[in-house]
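Residue numbers (this note's numbering), protein chains in the order written: chain A, 101 to 443; chain B, 101 to 443. All residues carry an ideal CB built from backbone N, CA and C; glycine is no exception. Report on one structure; see the data block that follows.
Protein chains: 2
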Amino acid sequence: MKKQILLASLASALALTGISLHATSTTEGAVSPIRDEPILPIKPAANINLGMVELGKKLFFDPRLSKSGFISCNSCHNLSMGGSDNLPTSIGDRWQQGPINSPTVLNSSLNIAQFWDGRAADLKEQAGGPIANPMEMAFSHTLTIEVLETIPAYVREFRQVFGKNKIDIDQVTAAIAEFEKTLVTPNSRFDQWLLGKEDAITQEEKEGYALFKDSGCTACHYGEAVGGTSFQKMGLIEPYKTDNPAEGRSAVTGKDADRFNFKVPTLRNVELTYPYFHDGAAKTLAEANDIMGRLQLGKKFTPEENAKIVAFLKTLTGDQPMILMPILPPSSDKTPRPNPFGK
Amino acid sequence: MKKQILLASLASALALTGISLHATSTTEGAVSPIRDEPILPIKPAANINLGMVELGKKLFFDPRLSKSGFISCNSCHNLSMGGSDNLPTSIGDRWQQGPINSPTVLNSSLNIAQFWDGRAADLKEQAGGPIANPMEMAFSHTLTIEVLETIPAYVREFRQVFGKNKIDIDQVTAAIAEFEKTLVTPNSRFDQWLLGKEDAITQEEKEGYALFKDSGCTACHYGEAVGGTSFQKMGLIEPYKTDNPAEGRSAVTGKDADRFNFKVPTLRNVELTYPYFHDGAAKTLAEANDIMGRLQLGKKFTPEENAKIVAFLKTLTGDQPMILMPILPPSSDKTPRPNPFGK
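Here it is, written out as structure tokens:
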């Protein structure tokens, strides 16, 4: 009992810093995968600036980065819910319906680029987007700085972390990105199996993985994040039917050939990140798997095959980041107040 | 350094259970207040059912208790922000403007009754209100149970905690209330002073407290929560002018004499719970203090007096509950999906 509490508490202390300890428990006698597979075990976060992480965590949870004072990064990338909002498309300022499904923030540091169309090169560039998007947080970078500069504890913390006399949006997005780098989910049962623990996954799950590989899913869903590393056409064999107007990668490159190309989503923690696809139209993993088989691979999975693949996919749920909720520094009398209902 | 980490980690482990350890550090040689004052130090939570607390914490953070799947208890009683939303009135389902300022959930177990008009006898009764209020979470108790009954991990956890075969709304509200009982904030600097640490508050803060007492504020703001124990008329000496239509206690009792009587709010953590009053019209502590002085006591504080009282009020900020964010159990294929934009 005592040992259990101490372990939990040590992990919690590390959670304070956003550092994940989980993976260590899997590495008994195995520090690298002993299996040669297209999927690689997730590595715990490394090369982390703890000061930036703690500051970034506060900013990630701070709704004062929105016009309404009600929406924070965590509203749509909820760390209690697999880093997503479990809605087809998100709710933005004044309850506006978002244009696309919120991808999970978990393991997003492993993505080739950010957003479904890859229009942001990295997490830092991404973080500035929703703050200023009138459909999302509906604020502006200038107003964000005006708010932060009037909150004494933020002023001190930015100075401590960045060593500059003024807060700027680059510092804000750099800190948020640094926090997000810590949001990896090692130690899934599948990773335990990759690292040599034979009974970490069941026979059914192993058969599901074999089907997943043999059917060609790993052509796109490979690597640490089991996706996130390439752009692919949605509806390769059969066209994908949707009312969602998103064009995908062509909106960034301007090339017709990139139309309906989207970033392949990670399948890590996919059990938690329903509904699926860029339009959030697939409610369940079984439905998503069925559609992917038919549209991308020209393959109709039997119900038994589908169930096995779904069972495998659920082994990709890793240890969720343990987040000690930040206590946000209070506004001062000078801080501009949020404006949820006004013009 | 090592000791510091262990202390932090032990506290974090207890935060897991919602139990606050903070007060122990203040009690060196003093287990009860050594000063005879109208304000009493806050006691850490006791007689807590840990299983109910952990379940209640999940429910408190679970937006699936709302029609939209977007609003949880924590949306308006944000534990990163003093248990409030720092908005004049809250944002409800479809961005509806709430009728009244969200009171803090912190130390709410010490209130004589819940809501501004006291229409709920206790936390358990309160917890059912917002879930079913069409202006707030816009769900129903029946739909809440339908959702929870389809989430296998919830079904098991309710069974473990309550020992019954079916989930009902009484269990839901009892668990949320039990979690909320843990949200006390001991160890404020003022409490440290009450418990014998002479230099825990400054000379200015002591003078502010003397003014607070001598002006008559403690007639209503007394006890552990520095308020929360009586209903009083808003605008006793001078009428309070507001566009807010709330009638106060008379809406519950039907008595004309109770018109504009509201529950005296706690002043614990008042630095964090701006804006103030039932209509959220006072943006700053200085403004709220000035209005209270004039309308309730017929006293116009000088700027110096006001500043001293505000300085005292800021000593009432206690240790905030350390909350390890719960990881919510995923919906199953059978779970009804949220309906944020539909009818």
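Sheet register partners of residue i (DSSP bridge)
| i | result |
| --- | --- |
| A/Ser184 | A/Asn178 |
| A/Phe331 | A/Lys363 |
| A/Tyr376 | A/Ala382 |
| B/Gln197 | B/Ile191 |
| B/Ile409 | DSSP output for B/Ile409 lists no bridge partner at all. |
| A/Gly323 | A/Ile139 |
Within 8 Å, strictly: CB atoms of residue i and residue j
| i | j | result |
| --- | --- | --- |
| A/Gly192 | A/Gln260 | no |
| B/Thr435 | B/Ala381 | no |
| A/Lys157 | A/Pro426 | yes |
| B/Phe312 | B/Phe362 | no |
| B/Leu416 | B/Phe290 | yes |
| A/Met237 | A/Leu165 | yes |
| A/Leu187 | B/Pro438 | yes |
| A/Asp217 | A/Ser202 | no |
| B/Leu428 | B/Asp136 | no |
| A/Ser431 | A/Ile251 | yes |
| B/Ala386 | B/Phe377 | no |
| B/Leu395 | B/Gly316 | no |
| A/Pro234 | A/Asp419 | no |
| B/Leu424 | A/Met181 | no |
| A/Ile267 | A/Phe258 | yes |
| B/Ser190 | B/Cys173 | no |
| A/Ile337 | A/Leu295 | no |
| B/Lys400 | B/Gly393 | yes |
| B/Val448 | B/Leu159 | Residue 448 of chain B lies beyond the range of chain B shown here (101 to 443); nothing can be said about it. |
| B/Arg359 | B/Glu347 | yes |
| B/Phe170 | B/Pro375 | no |
| B/Val255 | B/Glu249 | yes |
Where the alpha helix (DSSP H) containing residue i begins and where it ends
| i | result |
| --- | --- |
| B/Glu307 | 303-314 |
| A/Arg219 | Where A/Arg219 is concerned, there is no enclosing alpha helix (DSSP H), given that its DSSP letter is neither H nor E. |
| A/Pro426 | Where A/Pro426 is concerned, there is no enclosing alpha helix (DSSP H), given that its DSSP letter is neither H nor E. |
| A/Leu155 | 150-161 |
| A/Arg368 | Looking at the DSSP string, A/Arg368 is not in any alpha helix (DSSP H), and its letter there is neither H nor E. |
| B/Ala351 | 350-353 |
| B/Tyr254 | 252-262 |
Can you list the alpha helix (DSSP H) stretches of 4 or more residues lying completely in the segment 206-248 of chain B, in chain order? Assignment of alpha helix (DSSP H) within the segment 206-248 of chain B, counting only whole runs of 4 or more residues, yields 223-232, 241-248 in chain order.
Do the segment 215-229 of chain B and the segment 266-278 of chain B make contact, defined as three or more Cβ pairs closer than 8 Å? In short, these stretches touch, since the Cβ pair count reaches three.
Taking only runs that begin and end inside the segment 271-295 of chain A, name each unbroken beta strand (DSSP E) of 3 or more residues, in chain order. Whole beta strand (DSSP E) segments, 3+ residues: zero.
Counting Cβ pairs closer than 8 Å, one from the segment 279-299 of chain B and one from the segment 204-213 of chain B, do we hit at least three? The answer is yes - the segment 204-213 of chain B touches the segment 279-299 of chain B, with three or more Cβ pairs under 8 Å.
Do the segment 320-337 of chain A and the segment 365-376 of chain A touch if we need at least three Cβ pairs shorter than 8 Å? In short, these stretches touch, since the Cβ pair count reaches three.
Would you say the segment 236-250 of chain B touches the segment 349-359 of chain B, given that touching needs at least three Cβ pairs under 8 Å? Not touching, per the Cβ criterion.
Counting pairs of beta carbons, one from the segment 403-410 of chain B and one from the segment 294-311 of chain B, are three or more of them closer than 8 Å? The segment 294-311 of chain B and the segment 403-410 of chain B touch, with three or more beta-carbon pairs separated by less than 8 Å.
Give me the subset of the segment 376-387 of chain A whose CB atoms are less than 9 Å from a CB atom of chain D, sorted by chain position. Chain labels in this structure do not include chain D; the protein chains are A and B.
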